[in-house]
Amino acid sequence: MTHIQLEAYGRKWQRRLALGQWQIAWELVAGKQVTPDGSTGEVIWTLDALKATIRVATIQEPEAILNTARHELLHLACADIDAHAENIITRLDSAAARGIATAAMDNAQEQFILRVERALTELIDHGD
Ligand SMILES: [Zn+2]
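Numbering (numbering that gives the first Met the number 0), first residue to last: 0 to 127.
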């Protein structure tokens with residue numbers, strides 16, 4: 000998988016997900032993970048500037064690299080929701096409550112993205 004292939008795939012899905020207003024930098028990261036917790040991809044964004052960096056681990060099957068790239072784009076598609084939730088969560092009184100709310104939001108978002116991914120994979124497998 001080359002950087003050019005990753006970028007081309009990323010651009011295609013950026014358009015499909017109507018994320019064209021975002022300026023996205025794509026990075027292939029040598030290794031099996033991009034974060035200490037073992038994630039194979041991550042997206043870091045600045046909502047106000049509509050800029051994002053998507054990092055994907057290189058030591059994966061080529062198809063897995065692309066799936067990771069698409070997964071991170073789906074997270075980016077949730078950036079607005081994430082920002083609104085964070086805005087509300089920061090108003091909670093205790094650190095414990097903020098921690099619980101953040102974990103619940105992160106989990107809900109991940110589950111939603113996994114659902115959408117399964118649906119997209121089914122469509123791709125059918126050539127749609
Ligand atoms: Zn995720």
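Built from N, CA and C at the ideal position, the CB exists for glycine as well. Values in this document were obtained by computation on a predicted structure and should not be read as measured data.
I'd like the list of long-range same chain contacts for residue i, defined as Cβ closer than 8 Å, with 5 residues on each side in sequence excluded.
| i | result |
| --- | --- |
| V55 | L5, W25, E26, L27, V28, V33, T39, G40, I64, T67, A68, E71 |
In angstroms, rounded to a whole number, what distance separates the CA positions of residue i and residue j?
| i | j | result |
| --- | --- | --- |
| T1 | Y8 | 11 Å |
| D81 | E116 | 18 Å |
| R114 | I123 | 14 Å |
| G37 | E109 | 15 Å |
| Q129 | G98 | The chain is shown only over 0 to 127; residue 129 falls outside these bounds and no answer can be derived. |
| H125 | A95 | 45 Å |
| R10 | G19 | 8 Å |
| I3 | T89 | 39 Å |
| S93 | N106 | 20 Å |
| A118 | L73 | 13 Å |
Verify the contact flag: residue i, CB atom, against every heavy atom of ligand 1, threshold strictly below 7 Å.
| i | result |
| --- | --- |
| I80 | no |
| I43 | no |
| I112 | yes |
| H125 | no |
Between residue i and the rest of its own chain, which residues show a CB-CB distance below 6 Å, the 5 nearest in sequence each way excluded?
| i | result |
| --- | --- |
| A102 | none |
| K31 | A56, I58 |
| W21 | L49, A51 |
| M104 | A84 |
Since I believe residue j is in contact with residue i (beta carbons under 8 Å), could you give me their beta-carbon distance rounded to a whole number of angstroms?
| i | j | result |
| --- | --- | --- |
| V42 | L75 | 5 Å |
| A84 | L91 | Not really, about 11 Å apart at Cβ, beyond 8 Å. |
| I87 | I53 | About 26 Å; that fails the 8 Å criterion. |
With a threshold of 8 Å between beta carbons, is residue i in contact with chain D?
| i | result |
| --- | --- |
| A24 | Absence of chain D from the displayed structure is noted, only one protein chain being present. |
Counting only the same chain and skipping the five closest in sequence on each side, list residues whose C-beta sits under 7 Å from that of residue i.
| i | result |
| --- | --- |
| P61 | M0 |
| A78 | W44, L46 |
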